[in-house]
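Undergrad: Protein chains in written order, with the numbering used here: chain P, 32 to 435; chain X, 129 to 361; chain E, 539 to 808. We put the beta carbon where it would ideally sit given N, CA and C, even for glycine.
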Amino acid sequence: MRARIRRRYAAERRFKWLGFAAVALSVGFLAFLLVSMASRGLGGFVETRVKLNIDFAASDLFLDPATLKGEGAEAALAAADIEGTVAAAAEKQFGPGGAAIVSEAAWLRVREAIREKPETLAGKTEFWLPSSSAFDTAAKSDGDPPSEAAYAKLNAAGGVSRGFNWSFLGGSDATDPTAVGIWGALKGSLLTMLVTIGLAFPIGVLSAVYLEEYAPRNRWTDLIEVSINNLAAVPSIIFGLLGLAVFLNVMHLPRSASLVGGLTLALMTMPVIVIAGRNAIKSVPPSIRDAALGVGASKVQVVFHHVLPLALPGILTGTIIGMARALGETAPLLMIGMRAFIATPPSGISEPATVLPVQIFLWSDEVSRGFVEKTSAAIIVLLVFLLAMNGLAIYLRNKFERRW
Amino acid sequence: MHPGSAHTVKAFDEDLNQLRGVISEMGGLAEQAIREAMRSLAQRDLEAARRVVEEDARLDALEAEAERQVVQLIALRAPMADDLREAIAALKIAGVVERIGDYAKNIAKRVPALERGGSTEPLSLLPEMARITTEMVHDVLDAFVERDKDKAARVCERDRAVDDFYNSIFRALLTFMMEDPQSITRSTHLLFVAKNLERIGDHATNIAEMVYFAATGDRLTERPRGNDPVASQ
Amino acid sequence: MTQVNPLQTPPAPDHAAGDDLKIRAKGVNVFYGDKQAVKDVSLDIGTEHVTAFIGPSGCGKSTFLRTLNRMNDTIAGARIEGRIELDGEDIYAPAMDVVQLRARVGMVFQKPNPFPKSIYDNVAYGPRIHGLARGKAPLDEIVEKSLRRAGLWDEVKDRLSESGTALSGGQQQRLCIARAIAVDPEVILMDEPASALDPIATAKIEELIHELRGRYAIVIVTHNMQQAARVSQRTAFFHLGELVEYGGTSQIFTNPRVPRTQDYITGRYG
Numbered sequence: 032m033r034a035r036i037r038r039r040y041a042a043e044r045r046f047k048w049l050g051f052a053a054v055a056l057s058v059g060f061l062a063f064l065l066v067s068m069a070s071r072g073l074g075g076f077v078e079t080r081v082k083l084n085i086d087f088a089a090s091d092l093f094l095d096p097a098t099l100k101g102e103g104a105e106a107a108l109a110a111a112d113i114e115g116t117v118a119a120a121a122e123k124q125f126g127p128g129g130a131a132i133v134s135e136a137a138w139l140r141v142r143e144a145i146r147e148k149p150e151t152l153a154g155k156t157e158f159w160l161p162s163s164s165a166f167d168t169a170a171k172s173d174g175d176p177p178s179e180a181a182y183a184k185l186n187a188a189g190g191v192s193r194g195f196n197w198s199f200l201g202g203s204d205a206t207d208p209t210a211v212g213i214w215g216a217l218k219g220s221l222l223t224m225l226v227t228i229g230l231a232f233p234i235g236v237l238s239a240v241y242l243e244e245y246a247p248r249n250r251w252t253d254l255i256e257v258s259i260n261n262l263a264a265v266p267s268i269i270f271g272l273l274g275l276a277v278f279l280n281v282m283h284l285p286r287s288a289s290l291v292g293g294l295t296l297a298l299m300t301m302p303v304i305v306i307a308g309r310n311a312i313k314s315v316p317p318s319i320r321d322a323a324l325g326v327g328a329s330k331v332q333v334v335f336h337h338v339l340p341l342a343l344p345g346i347l348t349g350t351i352i353g354m355a356r357a358l359g360e361t362a363p364l365l366m367i368g369m370r371a372f373i374a375t376p377p378s379g380i381s382e383p384a385t386v387l388p389v390q391i392f393l394w395s396d397e398v399s400r401g402f403v404e405k406t407s408a409a410i411i412v413l414l415v416f417l418l419a420m421n422g423l424a425i426y427l428r429n430k431f432e433r434r435w
Numbered sequence: 129m130h131p132g133s134a135h136t137v138k139a140f141d142e143d144l145n146q147l148r149g150v151i152s153e154m155g156g157l158a159e160q161a162i163r164e165a166m167r168s169l170a171q172r173d174l175e176a177a178r179r180v181v182e183e184d185a186r187l188d189a190l191e192a193e194a195e196r197q198v199v200q201l202i203a204l205r206a207p208m209a210d211d212l213r214e215a216i217a218a219l220k221i222a223g224v225v226e227r228i229g230d231y232a233k234n235i236a237k238r239v240p241a242l243e244r245g246g247s248t249e250p251l252s253l254l255p256e257m258a259r260i261t262t263e264m265v266h267d268v269l270d271a272f273v274e275r276d277k278d279k280a281a282r283v284c285e286r287d288r289a290v291d292d293f294y295n296s297i298f299r300a301l302l303t304f305m306m307e308d309p310q311s312i313t314r315s316t317h318l319l320f321v322a323k324n325l326e327r328i329g330d331h332a333t334n335i336a337e338m339v340y341f342a343a344t345g346d347r348l349t350e351r352p353r354g355n356d357p358v359a360s361q
Numbered sequence: 539m540t541q542v543n544p545l546q547t548p549p550a551p552d553h554a555a556g557d558d559l560k561i562r563a564k565g566v567n568v569f570y571g572d573k574q575a576v577k578d579v580s581l582d583i584g585t586e587h588v589t590a591f592i593g594p595s596g597c598g599k600s601t602f603l604r605t606l607n608r609m610n611d612t613i614a615g616a617r618i619e620g621r622i623e624l625d626g627e628d629i630y631a632p633a634m635d636v637v638q639l640r641a642r643v644g645m646v647f648q649k650p651n652p653f654p655k656s657i658y659d660n661v662a663y664g665p666r667i668h669g670l671a672r673g674k675a676p677l678d679e680i681v682e683k684s685l686r687r688a689g690l691w692d693e694v695k696d697r698l699s700e701s702g703t704a705l706s707g708g709q710q711q712r713l714c715i716a717r718a719i720a721v722d723p724e725v726i727l728m729d730e731p732a733s734a735l736d737p738i739a740t741a742k743i744e745e746l747i748h749e750l751r752g753r754y755a756i757v758i759v760t761h762n763m764q765q766a767a768r769v770s771q772r773t774a775f776f777h778l779g780e781l782v783e784y785g786g787t788s789q790i791f792t793n794p795r796v797p798r799t800q801d802y803i804t805g806r807y808g
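(1) Starting from E/Y754, follow its DSSP beta bridges and name the residues at the other end.
(2) Going by the CB atoms, is the gap between P/L222 and P/S289 shorter than 8 Å?
(3) Using three-state DSSP, classify X/M276 as helix, strand or coil.
(4) Return helix, strand or coil for E/R562, following the three-state DSSP convention.
(5) Hey, which unbroken runs of the alpha helix (DSSP H) at 4 residues or more fall wholly within the stretch 251-327 of chain P?
(6) Counting contacts by CB-CB distance shorter than 8 Å, is E/Y784 in contact with chain X?
(7) Return the first residue and the last residue of the alpha helix (DSSP H) that P/N186 is part of.
(8) Where does P/L427 fall in DSSP's three states?
(9) Which value, in whole angstroms, describes the spacing of the CA atoms of P/A187 and P/F166?
(10) Chain E partners of P/D253, CB-CB under 9 Å?
(11) Taking C-alpha atoms, which residue in E/D625, E/I747, E/K573, E/I715 lies nearest to E/T589?
(12) Mind listing the chain E neighbours of P/V331? Cutoff is C-beta to C-beta under 8 Å, in chain order.
(13) Excluding the five sequence neighbours on either side, which residues of its own chain have a C-beta within less than 7 Å of the C-beta of P/F76, listed in chain order?
(14) Return the chain-ordered list of same chain residues with a C-beta closer than 7 Å to the C-beta of E/G626, the five sequence neighbours on each side being excluded.
(15) For the beta strand (DSSP E) containing E/Y784, name the first residue and the last one.
(16) By the 10 Å Cβ neighbour count, where 16 or more other Cβ atoms means buried, how is P/M282 classified, buried or exposed?
(17) Measure the Cβ-Cβ separation of E/R798 and X/T136 and say whether it is below 8 Å.
(18) Output the boundary residues of the beta strand (DSSP E) element that contains E/C728.
(19) What does P/P161 pair with, by DSSP beta-bridge criteria?
(20) Determine the contact status of X/A170 and X/I235, defining contact as a CB-CB distance below 8 Å.
(21) If you draw a straight line from the C-alpha of E/A741 to the C-alpha of E/G644, how long is it?
(22) Given this structure, state the Cα-to-Cα distance separating E/L677 from X/V198, to the nearest angstrom.
(23) Is X/A158 closer than 8 Å to X/A217 when the C-beta atoms are compared?
(24) Should P/G201 go down as buried or exposed, given a rule of 16 or more other Cβ atoms within 10 Å for buried?
(25) Indicate the three-state DSSP secondary structure (helix, strand or coil) for E/T540 in the structure shown.
(26) Against E/T804, what residues of chain B qualify as contacts under a CB-to-CB distance less than 9 Å, listed in chain order?
(27) From the DSSP output, in three-state form, read off X/N295 for me.
(28) Checking 8 Å against the spacing of the C-beta atoms, do X/P207 and X/A194 come in under that value?
(29) Can you pull the chain P neighbours of E/K649, defined as C-beta to C-beta under 8 Å?
(30) Kindly indicate if chain E contains any beta-carbon less than 8 Å away from that of P/V226.
(31) Label X/T349 either buried or exposed according to how many other C-beta atoms from any shown protein chain fall within 10 Å of its C-beta, with 16 as the threshold for buried.
(32) Taking the beta strand (DSSP E) that E/A590 falls in, what are its first and last residues?
(33) Return yes when the C-beta of P/L347 is under 7 Å from any heavy atom of the ligand GDP, and no when it is not.
(34) Would you say E/R798 reaches chain X, if we count a Cβ-Cβ gap shorter than 8 Å as a contact?
(35) Which residues of chain E have a Cβ atom closer than 8 Å to the Cβ of X/G345, listed in chain order?
(36) Are at least three pairs of beta-carbons, each pair with one atom in the stretch 726-735 of chain E and one in the stretch 753-763 of chain E, less than 8 Å apart?
Here is the structure:
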């Protein structure tokens, strides 16, 4: 008898430890992912800058400060060869090949400075400009020998500094890794998500309501239920093919637009919301419905005043799951063409755009060393976006959760 | 209504049976008391008469027991319909049987007074009257236990004979007393004995009405009465 | 708050008649698919007396109760034959609006089921959706009146914004009664309203029923025969879907005419 008890305790302990080990393993994987991403990607948020003195007065720049105060400012700025001025100044300061130390997009910063304070054209100014990709990787101790040498030399002279790379968050895709930014893809993701949720949520919830509350129970509704369950499991690339065939080839919607991406992902997310919605509605106890009917509520009032508010937490959970999946989808969006090089953030849902996962995919293909850390940085941004979205949904769910 | 089918809660049936048992026992004691009292009267057996007086205490005790059981039954079992009527009837019947026993005791008490004195008179009617009333008591209590309303109704009919007996004895004794003033004491006692027997018969009829109500829920229609001795004067 | 004294109340007539007649049912049959749950039941219900339905489990009393406010409509496969009239109108006619019917014939269920809203909103929901009050003040009045009639006002008047589900079982059931009263019904149907409650809460519900008597026609389904005896003036005994006997409560419980009724109430059934 005692042996039995001992064996039982031993079995329970074993089981407990197994469970713990499983959790530890899962946490381990997660930690590994986060740590490796962070270690590789955090560098992408750091920008190496070099000090450059530009003597505008002594340069070849033809720019009259007076014109910058009027309407012709933009035209004047565009006409002036600020890029050349910066390159010349770099050559002068750093010696031959010095232009290679400064980023190709550095002149944009100078232009911004001039636009804000036209007085700088009068004399000499010290700028902290972003360095080139090769220099940047050398600064992060991973570059080729000549850049390493140049970096060492400049660093010793105190001409190097580090700062947060705001342009990464504010800019869009570019060929130069130091100029590249994630905002374009982020905005594209946001617009796509908006379209997706704007379509999938109402259609999904209303379908769930109809199927649970109004539809008769017969062979047809059984068939619909089976179909929806299967749809939720269909590989996402097939939705991409569907999007290509219908939205692009038949309906001729603008290619690579958030609208099309949103439509495709909505098709994919809707079954998930319908299934979660049905389960949530099923779990509302019939006593609440009876009580509402007993007081003389119509069917519509019962559903919207009582059933849906109680089912909302479950529906929101399903929506979180669906949206998280949609956010990370790459294959279907590739199929509908959201893979192009988009240099400016989209201004509307019918503009060409790209999304974060696709951007990550494209960057990971790039050859330049600088893109490695940018890719990981983009992954970090994607994870943060995901967390934020989930956090919002969980907050909403808890707000609507009622005790009964 | 049918008495046969059992309650789902068997203990309820046991309680009812126990109550019926108490009532039956009381009936048996009452019958015995009447018989013994009349026998001791006929045989002038003082010892037997004394025993009858003593045994009456047992009847009183049983009445208290019946009352206790009925109150318990109502409180604990919440009887309805025929069960309720039967319980209430049992309570009332216990009281009536106890009074019957008191009448028998009263008869027995007169035995010493009748022992002294002269010869017995032709009172062959008295034993016969006693026999009928004893039978009535026996039958009516059987009817209660069996919930037999017809048996109860028949008991009522026999009371007519008892009343007639009483009237005859009354006239006979009056005549006797007018003829022989010496016998007035004796005759008066005998008159009271006859009266007691007649009252026992009436009580048996009362019990029959209660049994009828318990069984059917309706009242027994006016029972047939013998000539009212007061009215016929 | 006077308790109705059953010994002094004159016995109820066997059938509701004339002005008092509220609901008349004739030849009602209810089928769930192929199974017949209620067989040819005819009875009348009046406002002046509380009517109780008693009978063993599965005898059809709850099913019949639910036909009176068409709650069986929500059950797939339920079919009703026969005629049920509320104030003379056939409630199963196509012209009858079910929503309006259920406002006129309210229902209280076995397990208290307040909405997961505040106490105020629970009671105010009915009047709101039926447009019975325009403005906050009239609505406040209706809520207070209903809670007073349900005997709950003093206990909750300071906490109307608390959730209805935070109350005790007995209070929840009285809240459900207040909710039913708030829409000013003509009939209140109660399906074993006290079976989930402790004896004190049960007594309060029974007292409440006494007070509501006469203002609303009340029909109560109960398993508990003593409760039916205490609370009602007319009792209907159902068995295997049929109406076996229907008459005054004191007559049914002291001298029922049908042997099956007697068997059931004395506990000889089965």
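TA: So, from the listed chains and residues:
(1) E/R751
(2) yes
(3) Per the sequence shown, the amino acid found at residue 276 of chain X is Asp instead of Met. Three-state result, X/D276: coil.
(4) Reduced to three states, the DSSP call for E/R562 is strand.
(5) 267-273, 289-313, 317-325
(6) No - not a single Cβ of chain X is within 8 Å of the one on E/Y784.
(7) From DSSP, the alpha helix (DSSP H) with P/N186 extends over 176-187.
(8) helix
(9) Answer to the nearest angstrom: the Cα atoms are 15 Å apart.
(10) Ordered by position in chain E, no residue passes the 9 Å Cβ test against P/D253, which lies about 14 Å from the chain.
(11) E/I747
(12) Under the 8 Å cutoff, chain E gives no residues; its nearest Cβ is about 10 Å from P/V331.
(13) F195, N196, F199, A408
(14) none
(15) Start and end: 780-786.
(16) Around the beta carbon of P/M282, a 10 Å sphere encloses fewer than 16 other beta carbons of the protein chains shown; the residue is thus reported as exposed.
(17) no
(18) In the sequence as displayed, the identity of residue 728 of chain E is Met instead of Cys. Counting along the chain, the beta strand (DSSP E) containing E/M728 begins and ends at 725-729.
(19) P/R80
(20) no
(21) 21 Å
(22) 55 Å
(23) no
(24) exposed
(25) Annotation note: pLDDT 46 at E/T540 (below 50); position unreliable, no value reported.
(26) No chain B is part of this structure, whose protein chains are labelled P, X and E.
(27) Three-state result, X/N295: helix.
(28) no
(29) S318
(30) Not closer than 8 Å to any Cβ of chain E, the Cβ of P/V226 fails to qualify, so no.
(31) exposed
(32) Annotation: the continuous beta strand (DSSP E) that includes E/A590 extends over 589-592.
(33) Among the ligands in the structure shown, none appear at all, so the ligand GDP cannot be discussed.
(34) no
(35) T792, N793
(36) yes
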